[in-house]
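Q:
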Amino acid sequence: MSLPVDVLAAGVAGGTSIMFAALGETIGERAGVINLGIEGSMLAGALGAYVVAVETGSPWTGVLVGGIAGAALAAVHAFLVVWRRANQMASGLTVLFLALGLTALFGVKYVGSGKKLDHAFDVWNVPVLHDLPVVGQILFEHNALVYLGFVTVPVVWFALFKTRIGLLVRTAGERAETLTVHGYSVPWLRTLAVTCGGFLAGIGGAYLSIGYANAWRENMIQGKGFIAVALVIFAVWSPVRVMAGAWLFGCALSLGSALQARGYEVNQFLLQALPFVLTLVVLTVIGRRTLSSSPAELKKVFENAETG
Amino acid sequence: MTTLIEPPTSPVEAAPRKRVPAITGAGAQRALLVTARWVGAFAGALALFGILLMIKGANPLDAYAAMFRLAFGQQTSIDEIFIRMAPLVLGALAVAVPARAGLTNVGGEGQIIIGGVAACGATRLLGEDLPGGVLIIGMLLAAVLAGALWAGIAAALRLFAGVNEAISTLLLNFVALNVLLYLIYQSWRESPTGQPATAELVDGAKLPLLTASSRINVGIVIALVLTVLVAVVLTRTRWGFQVSVAGGNAEAARRAGLNVPKLVLSALMIGGALAGVAGMIIFAGTEYKLRDSFGYQIGYTAFLVCWLARQRPFPILLGAFLMATLSVAKDSLQLDSQIPGYAIYVLTALILMAVLGFTTPRKAKV
Chain P
1 MSLPVDVLAA
11 GVAGGTSIMF
21 AALGETIGER
31 AGVINLGIEG
41 SMLAGALGAY
51 VVAVETGSPW
61 TGVLVGGIAG
71 AALAAVHAFL
81 VVWRRANQMA
91 SGLTVLFLAL
101 GLTALFGVKY
111 VGSGKKLDHA
121 FDVWNVPVLH
131 DLPVVGQILF
141 EHNALVYLGF
151 VTVPVVWFAL
161 FKTRIGLLVR
171 TAGERAETLT
181 VHGYSVPWLR
191 TLAVTCGGFL
201 AGIGGAYLSI
211 GYANAWRENM
221 IQGKGFIAVA
231 LVIFAVWSPV
241 RVMAGAWLFG
251 CALSLGSALQ
261 ARGYEVNQFL
271 LQALPFVLTL
281 VVLTVIGRRT
291 LSSSPAELKK
301 VFENAETG
Chain W
1 MTTLIEPPTS
11 PVEAAPRKRV
21 PAITGAGAQR
31 ALLVTARWVG
41 AFAGALALFG
51 ILLMIKGANP
61 LDAYAAMFRL
71 AFGQQTSIDE
81 IFIRMAPLVL
91 GALAVAVPAR
101 AGLTNVGGEG
111 QIIIGGVAAC
121 GATRLLGEDL
131 PGGVLIIGML
141 LAAVLAGALW
151 AGIAAALRLF
161 AGVNEAISTL
171 LLNFVALNVL
181 LYLIYQSWRE
191 SPTGQPATAE
201 LVDGAKLPLL
211 TASSRINVGI
221 VIALVLTVLV
231 AVVLTRTRWG
241 FQVSVAGGNA
251 EAARRAGLNV
261 PKLVLSALMI
271 GGALAGVAGM
281 IIFAGTEYKL
291 RDSFGYQIGY
301 TAFLVCWLAR
311 QRPFPILLGA
321 FLMATLSVAK
331 DSLQLDSQIP
341 GYAIYVLTAL
351 ILMAVLGFTT
361 PRKAKV
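What follows is the structure, encoded as C-alpha cells:
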C-alpha cells in the first residue's frame, strides 16, 4: 500500500475508539454536561470487555459489558453533577480516579496474562465495497467494530436531531427552563444523555482492548478520552464532524509507525504530541466560532467554574 | 461604579467570596450540621471501600489498621507524608488561584512536569561548579518562569482565540509529558544503554533537609510559606480582590473598569508558577533525576485536593495531608492485604464523591 492509503486506513482503525467516546460525549454535552470521566468510562469498558470476552469466549458479550461498565461510571458522574450539582470538571476527574482504582483492583490478574482472544474481531473485507480503488482499502478492510462505528454515527445523528427524545435532550442543553415549564424533568434527561454517552465510551474502550490491542494494560486509554472531549468541541457538537475528526486523530497517531516502517527517521515523541498540538491549533483557529455555537447550558458550565 | 475597585467599602465585595458563618446560635447549629455531613461523608467512603476490600478477600478492619500503622507507625513514613504533601499543596494552590478568577486549571500535571524540566535544564545550563545555593535559586527561578509560561499558553489561547482553558490546559499536559519523554530518551539521557533518565543532580544542589535526622526536605516549608502568601494575596490585596470580582462576574468587573484580560492572564500564570515550584521541589527534593514517571498523577491529585478544600488555601493543607497519607498507606494494601496499591484511588475517589456530592445541601430541581 502507498503511504497515504496506509496512514488513512490505520487512522480509521486507530481513531475508532476516540470516535465512539466522542460520539458519547457529544450526546452528554448536547444535554449541557461535560464529562472528563469519559476517560474513566473507556478504561472500565476496556477491562470489562476484555475480562468477559476472555472468560466467556464471546467478544460481542464483551462489547456489551464494556458498554455497560462505561455507562455505570458515567451514571456516577451524572448523579454527582446533575442531582448533587457538583463541579463538572472535579466530578469528571473523580470518576477517572474511580475507574483507575477499580480497574487496577479487578484487572490485576489480567495484566499481561497472555490470554489472547482467538480471532475475536478478525478483519473482514466488505464485499464489493472493498474492491473500490483507494476508498475500499481505507474504509472497508477492517473488523466488525469499526463498521459498528460507521453505523453509530448516523444513528447518533438521527437520535439527536430527528427523534423526540433527541429534541428533549438538546433542549436540556439549550433552554432547560423551557422543559421545566412543559413538565419535563431536566435532571432525568441529562442523566439519560450522560449515561448513554458513557455506554458509547465504554464501547470505545472495549474496541481498544479486544478489537485493537488484544490485551489489557493498566491505564491503557492514555488520554484518548480527553482527546475525545476536545474533539467534540472542535467538531462543534456534530456527530458527522466527530467522525472526521476522530479519523484525523487516528491518522496522527498512526503516522509515526507508518513512517518508521518505511525506514524514515522520525521523532516518536513529536508524533505522540501531535494529536494534542493539532487539537490546540484547530481550537485556536475556530475557537470563537465554536464558543458562540456551543449549547447554551454548556456555556454556563464553562463560564462559571465555581459551582459546587 | 469605580468604587468597585476599592476593596473595603464596595457593596459587591461579599458577593464572590464564601464566608463561613459566625458560630453563634443558628450559626453553631449549622456548623454542627456541616461537621456531621463531613464526618458522614468520610465514614461512608471508608465503609464502601471496606466492602470492596471484603469482596476481594481482605479483612477491611485489618487492612485499615495496617494502613494506619504503616502511615503513622514509624518516623520514616511520617517524613514521607510531609515530603509528598509539599507538591500536592503547591499543585492545589495552582488550581485555587485561577479558580478565584473563574478559571479551571486542569493543567497542573503538565505544569509540574515543565517545572521539573526547567529545574533540570537550569542546572545543565549553569553547570555543576557553581555553589549549591546559586543552583537552587537558579532552578527555582527557571521552574517559576517555565510553569508560568506553560500556563500562559492556555491563558493566551483563551484571551486571543476564545479556547476554554479547562480543555487547553488538559491537552497541554500530554504535550508536556512528551517533552519530558523526548528529553530523557534523547538529548538529556545520561547513558544510551541505561534507564532512560537524566544524570543525577549534584549533591550541593539537592534541597537541604529540615533536620539532620529526618528525610524531610525544605519543600514543605516552601509550600507552607506560599500557602500563607497566596491566602494573604487573595484576601488582603487589591489584586486578589480584583481577581475575585472578575471571577464572580466578568461583565460587572469590565464595567467597573477592571482590566479583565490582564487579571485572567496573571491568575493563570501565577497558578502555573506555583505548579512549576512543585515540579522543582520534586526534582531537587526527592527525585534528583527526570524519569518517565516524573510527577505522575500529582497534578490531577492536586486538582482534587483543591476541590476537597473548596479552593481555600488553608484547608488545602489538610486535603494535601490526607492525600499524601493515602499515597503512603497504599503500599500497605499491597504488602499486608495483597490488594494492588493503585486500588487506593478507589478510596480517594469515594472520599471525593462524598465531599463533592454530600457536604453541601444542594439538590437538583426536578
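Chains P and W, in that order, are what the protein sequence lines are.
Going by this note's numbering, the residue at position 162 of the first sequence is 162; the numbering climbs one at a time, nothing skipped.
Going by this note's numbering, the residue at position 29 of the second sequence is 29; the numbering climbs one at a time, nothing skipped.
Built from N, CA and C at the ideal position, the CB exists for glycine as well.
#1: Given a cut-off of 8 Å on the beta-carbon distance, is the pair GLY202 of chain P and MET19 of chain P in contact?
#2: Taking the alpha carbon of THR359 of chain W as the reference point, which residue from W:GLY40, W:GLN29, W:GLY27, W:GLY25 has its own alpha carbon closest?
#3: Can you give the beta carbon distance from LEU145 of chain W to LEU135 of chain W, rounded, assuming they're within the 8 Å contact cut?
#4: Roughly how far, in whole angstroms, is the beta-carbon of MET67 of chain W from the beta-carbon of ALA329 of chain W, given that I think they are within contact range, below 8 Å?
#5: So which residues on chain W does LEU98 of chain P lean against when the C-beta distance must stay under 8 Å?
#6: Using a 10 Å radius around the Cβ and a threshold of 16 neighbouring Cβ atoms, would you call THR301 of chain W buried or exposed?
#7: Are there 16 or more other CB atoms within 10 angstroms of the CB of SER254 of chain P, so buried, or fewer, so exposed?
#8: If the cut is a Cβ gap below 9 Å, which residues of chain P does LEU93 of chain W touch?
#9: Quick check on DSSP: helix, strand or coil for LEU207 of chain W?
#10: Report the residues of the segment 296–307 of chain W with a CB closer than 7 Å to any CB of chain P, ordered along the chain.
#11: Under 7 Å between beta-carbons, which chain W residues line up against VAL277 of chain P? List them in chain order, please.
#12: In the segment 164–183 of chain P, which residues sit with their C-beta less than 9 Å from some C-beta in chain W, listed in chain order?
#13: So what does DSSP say about VAL128 of chain P, is it helix, strand or coil?
#14: Whose C-alpha, out of P:ASP131, P:VAL134, P:GLY37, P:PHE276, is nearest the C-alpha of GLY92 of chain P?
#15: Please confirm whether LYS56 of chain W has its beta-carbon closer than 8 Å to some beta-carbon of chain P.
#16: Give the residues from the segment 149–166 of chain W that approach chain P closer than 7 Å (Cβ to any Cβ), ordered along the chain.
#17: Excluding the 5 residues flanking LEU352 of chain W on each side, which residues of the same chain have their C-beta closer than 6 Å to its C-beta?
#18: How many Å lie between PRO8 of chain W and VAL95 of chain W at the Cα?
#19: Rounded to a whole number of angstroms, what is the C-alpha to C-alpha distance between LYS56 of chain W and LEU102 of chain P?
#20: Between the C-alpha atoms of ALA69 of chain P and PHE199 of chain P, what's the straight-line distance to the nearest angstrom?
#21: Helix, strand or coil for VAL123 of chain P? Go by DSSP, reduced to three states.
#22: So ARG30 of chain P packs on TRP216 of chain P, CB below 8 Å; how close in whole Å?
#23: Is the Cβ-Cβ distance between GLY107 of chain W and ALA155 of chain W less than 8 Å?
#24: Cα-Cα, which of W:MET139, W:THR325, W:VAL232 is closest to MET280 of chain W?
#25: Taking the alpha carbon of TYR185 of chain W as the reference point, which residue from W:PRO196, W:GLN297, W:THR235 has its own alpha carbon closest?
#26: ASN143 of chain P by DSSP, collapsed to three states: which one?
#27: Run through chain W and tell me which residues come within less than 9 Å of PHE249 of chain P, C-beta to C-beta.
#28: Measure from the C-beta of ASN178 of chain W to each C-beta in chain P and report whether the shortest distance is under 8 Å.
#29: Following the continuous alpha helix (DSSP H) through PHE82 of chain W, name the residue where it begins and the one where it ends.
#30: Using a Cβ cut-off of 8 Å (strictly closer), state whether THR325 of chain W contacts chain P.
#31: Return the chain-ordered list of same chain residues with a C-beta closer than 6 Å to the C-beta of VAL233 of chain W, the five sequence neighbours on each side being excluded.
#32: Which residues in the same chain as HIS130 of chain P place their Cβ atom closer than 6 Å to its Cβ, once the five residues preceding and following it in sequence are excluded?
#33: Going by beta carbon distance, what residues of the same chain come within less than 8 Å of ARG215 of chain W, once the five residues before and after it are set aside?
#34: Ordered along the chain, which non-local residues of its own chain (more than five positions away) have a Cβ less than 6 Å from that of PRO11 of chain W?
#35: Identify each residue in the segment 93–115 of chain W for which the Cβ-Cβ distance to at least one residue of chain P is less than 7 Å, and report them in chain order.
#36: Following the continuous alpha helix (DSSP H) through LYS262 of chain W, name the residue where it begins and the one where it ends.
A: Walking through what the data contain:
#1: Counted from its first residue, the first sequence places residue 202 of chain P at position 202. Counted from its first residue, the first sequence places residue 19 of chain P at position 19. Result no, Cβ atoms of GLY202 of chain P and MET19 of chain P do not sit closer than 8 Å.
#2: Start at 1 with the first residue of the second sequence, and residue 359 of chain W comes out as number 359. The shortest Cα separation from THR359 of chain W among W:GLY40, W:GLN29, W:GLY27, W:GLY25 belongs to W:GLY40.
#3: In the second sequence, the residue the question calls residue 145 of chain W occupies position 145. In the second sequence, the residue the question calls residue 135 of chain W occupies position 135. Incorrect: roughly 16 Å between the Cβ atoms, too far for contact.
#4: Here residue 67 of chain W refers to the residue found at position 67 of the second sequence. Here residue 329 of chain W refers to the residue found at position 329 of the second sequence. Going by Cβ atoms, the distance from MET67 of chain W to ALA329 of chain W rounds to 4 Å, so yes, they are a contact pair.
#5: Indexing the first sequence from 1 puts residue 98 of chain P at position 98. Within chain W, the residues near LEU98 of chain P are TYR345, VAL346, ALA349, LEU350, MET353.
#6: Position 301 of the second sequence, counted from the first residue, corresponds to residue 301 of chain W. By the 10 Å Cβ count, THR301 of chain W comes out buried.
#7: Position 254 of the first sequence, counting from 1, holds the residue named residue 254 of chain P. Label assigned to SER254 of chain P: buried.
#8: Residue numbering aside, residue 93 of chain W sits at position 93 when the second sequence is read from its first letter. The premise fails here: LEU93 of chain W is roughly 16 Å from chain P at the closest Cβ pair, so nothing lies under 9 Å.
#9: Sequence index remark: in the second sequence, residue 207 of chain W carries index 207 (1-based). Reduced to three states, the DSSP call for LEU207 of chain W is coil.
#10: TYR300, PHE303, LEU304, TRP307
#11: On the first sequence, position 277 is the one that residue 277 of chain P refers to. Ordered by position in chain W, the residues that pass the 7 Å Cβ test against VAL277 of chain P are VAL175.
#12: THR180
#13: Numbered from its first residue, the first sequence carries residue 128 of chain P at position 128. In the structure shown, VAL128 of chain P sits in coil (DSSP, three-state: anything other than H, G, I, E or B).
#14: As a position in the first sequence, residue 92 of chain P is number 92, starting the count at 1. Minimum Cα distance to GLY92 of chain P is reached at P:GLY37.
#15: The residue you call residue 56 of chain W lines up with position 56 of the second sequence. Chain P, which has a Cβ nearer than 8 Å to the Cβ of LYS56 of chain W, makes this yes.
#16: LEU157, ALA161, GLY162, VAL163, ASN164, ALA166
#17: Working through the second sequence from its first residue, we reach residue 352 of chain W at position 352. Only LEU304 meet the Cβ criterion.
#18: Here residue 8 of chain W is taken as the residue at index 8 of the second sequence, counted from 1. Here residue 95 of chain W is taken as the residue at index 95 of the second sequence, counted from 1. Its pLDDT being 41, under 50, PRO8 of chain W is placed unreliably in this model, and the value from its coordinates should be taken loosely. Straight-line Cα distance between these residues: approximately 26 Å.
#19: The sequence position of residue 56 of chain W within the second sequence is 56, counting from 1. The sequence position of residue 102 of chain P within the first sequence is 102, counting from 1. Near 11 Å, if we compare the C-alpha coordinates of LEU102 of chain P and LYS56 of chain W.
#20: Numbered from 1 along the first sequence, position 69 holds the residue referred to as residue 69 of chain P. Numbered from 1 along the first sequence, position 199 holds the residue referred to as residue 199 of chain P. Computed Cα separation, rounded: 7 Å.
#21: Within the first sequence, numbered from 1, the residue matching residue 123 of chain P stands at position 123. The answer is strand: DSSP assigns VAL123 of chain P an E or B state.
#22: Looking up residue 30 of chain P in the first sequence gives position 30. Looking up residue 216 of chain P in the first sequence gives position 216. Between TRP216 of chain P and ARG30 of chain P the Cβ distance is about 31 Å, and since that is not below 8 Å, they are no contact.
#23: Indexing the second sequence from 1 puts residue 107 of chain W at position 107. Indexing the second sequence from 1 puts residue 155 of chain W at position 155. No; because the gap between Cβ atoms is not below 8 Å, this pair is not in contact.
#24: Within the second sequence, numbered from 1, the residue matching residue 280 of chain W stands at position 280. It is W:MET139 whose Cα lies nearest to the Cα of MET280 of chain W.
#25: Residue numbering aside, residue 185 of chain W sits at position 185 when the second sequence is read from its first letter. It is W:PRO196 whose Cα lies nearest to the Cα of TYR185 of chain W.
#26: In the first sequence, counting from the first residue as 1, residue 143 of chain P sits at position 143. Note: ASN143 of chain P maps to strand in three-state DSSP.
#27: On the first sequence, position 249 is the one that residue 249 of chain P refers to. Ordered by position in chain W, no residue passes the 9 Å Cβ test against PHE249 of chain P, which lies about 12 Å from the chain.
#28: Within the second sequence, numbered from 1, the residue matching residue 178 of chain W stands at position 178. It does; some Cβ of chain P falls within 8 Å.
#29: Here the question's residue 82 of chain W lines up with position 82 in the second sequence. Note, PHE82 of chain W: alpha helix (DSSP H), 75–100.
#30: Residue 325 of chain W sits at position 325 when you count from the first residue of the second sequence. So no, THR325 of chain W is outside the interface.
#31: One-based indexing of the second sequence puts residue 233 of chain W at position 233. For VAL233 of chain W, where only same-chain residues beyond five positions count, the Cβ hits under 6 Å are GLY240.
#32: The count along the first sequence starts at 1 and reaches residue 130 of chain P at position 130. Once the five neighbours on either side are set aside, the close Cβ partners of HIS130 of chain P are GLY136, PHE140, GLU141.
#33: Looking up residue 215 of chain W in the second sequence gives position 215. Cβ within range, chain order: THR76, ASP79, GLU80, ILE83, LEU209.
#34: Taking the second sequence and counting its residues from 1, one reaches residue 11 of chain W at position 11. Legend: pLDDT at PRO11 of chain W = 40, less than 50; position of this residue unreliable, no value from coordinates given.
#35: ALA99, GLY102, LEU103, THR104, VAL106
#36: Numbered from 1 along the second sequence, position 262 holds the residue referred to as residue 262 of chain W. Segment 260–281, the alpha helix (DSSP H) holding LYS262 of chain W.
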